[in-house]
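In this note's numbering, the protein residues as written are 1 to 154.
Worksheet for the structure shown next.
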Ligand code: RB5
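What follows is the structure in structure tokens.
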């Protein structure tokens, strides 16, 4: 089965989201579009972040990409869903490290900040990277915070 990547956006990220969906198809990755579909209609980003994040957390899709004006609101909202590690990325280095060090399962980007062709390279860097398991201890500490405990020794 091809990898499935969920995409979500508000009006400010819709154009970038659609460009990245086409890029995923060209890569042989199945895009799953959670909307929005009309950049001329202002919509609120949290519900799109939640839809993609819950689908990732439930294992219905493998990874997620969220686009708003800056990527900031999408990251904040997606990270409220347990099990989600959403990273705001700006370039191929932050995208690669988001996977290698943080095992991010969602990346967010700003449709008002990043050109589609550049964003496609950023997405490729994320998809091509591999988590380095030496960082697992830190991720366990983050999970500890999420479940109401402590993040680790003070
Ligand atoms: C919408 O104007 C804008 O606030 C939103 O797309 C995003 O940038 C929020 O973080």
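C-beta: ideal position from N, C-alpha, C; glycine also.
Item to check | 3 or more residues per run - each beta strand (DSSP E) lying fully within the region 52-87 | outcome: 63-68
Item to check | Whole-number beta carbon distance between residue 65 and residue 107, since they are thought to touch under 8 Å | outcome: If you number the chain shown from 1, residue 107 lands on position 107. If you number the chain shown from 1, residue 65 lands on position 65. Between residue 65 and residue 107 the Cβ distance is about 6 Å, and since that is below 8 Å, they are a contact.
Next on the checklist: My output table needs one value for residue 134: the three-state DSSP class, helix, strand or coil.
Outcome noted: Your numbering for residue 134 matches position 134 in the chain shown. Of the three classes helix, strand and coil, the one that applies to residue 134 here is helix, per DSSP.
Checklist entry - Within 7 Å: the Cβ of residue 10 and any heavy atom of ligand 1? => result Taking the first residue of the chain shown as 1, we reach residue 10 at position 10. Yes.
Item to check | Exposure of residue 149, with buried meaning 16 or more beta-carbon neighbours within 10 Å | outcome: Looking up residue 149 in the chain shown gives position 149. Residue 149 should be labelled exposed.
Item to check | Close beta carbons around residue 139, own chain, < 8 Å, minus the five adjacent residues each side | outcome: What you label residue 139 is simply residue 139 of the chain shown in a count that begins at 1. If we look at residue 139 and ignore the five residues flanking it on each side, its Cβ neighbours are 85, 102, 103.
Item to check | Beta-carbon gap between residue 20 and residue 120 smaller than 8 Å | outcome: Position 20 of the chain shown holds residue 20. Position 120 of the chain shown holds residue 120. Contact check for residue 20 against residue 120 passes: the beta carbons are separated by less than 8 Å.
Item to check | Separation of residue 134 from residue 42, as counted between CA atoms | outcome: Position 42 of the chain shown holds residue 42. Position 134 of the chain shown holds residue 134. The alpha-carbon atoms of residue 42 and residue 134 are separated by roughly 42 Å.
Next on the checklist: Shorter than 7 Å, the distance from the beta carbon of residue 142 to the closest heavy atom of ligand 1, or not?
Outcome noted: The residue given as residue 142 occupies position 142 in the chain shown. Checking the Cβ of residue 142 against ligand 1 gives no.
Checklist entry - Does the beta-carbon of residue 82 have 16 or more other beta-carbons within 10 angstroms, so that it is buried, or is it exposed? => result In the chain shown, counting from the first residue as 1, residue 82 sits at position 82. Around the beta-carbon of residue 82, fewer than 16 other beta-carbon atoms lie within 10 Å, marking it exposed.
Item to check | Three-state secondary structure (DSSP) of residue 9 | outcome: Within the chain shown, residue 9 is the residue found at index 9, counting from 1. Here residue 9 sits in strand by DSSP.
Checklist entry - DSSP beta-bridge partners for residue 32? => result Looking up residue 32 in the chain shown gives position 32. Partner(s): 6.
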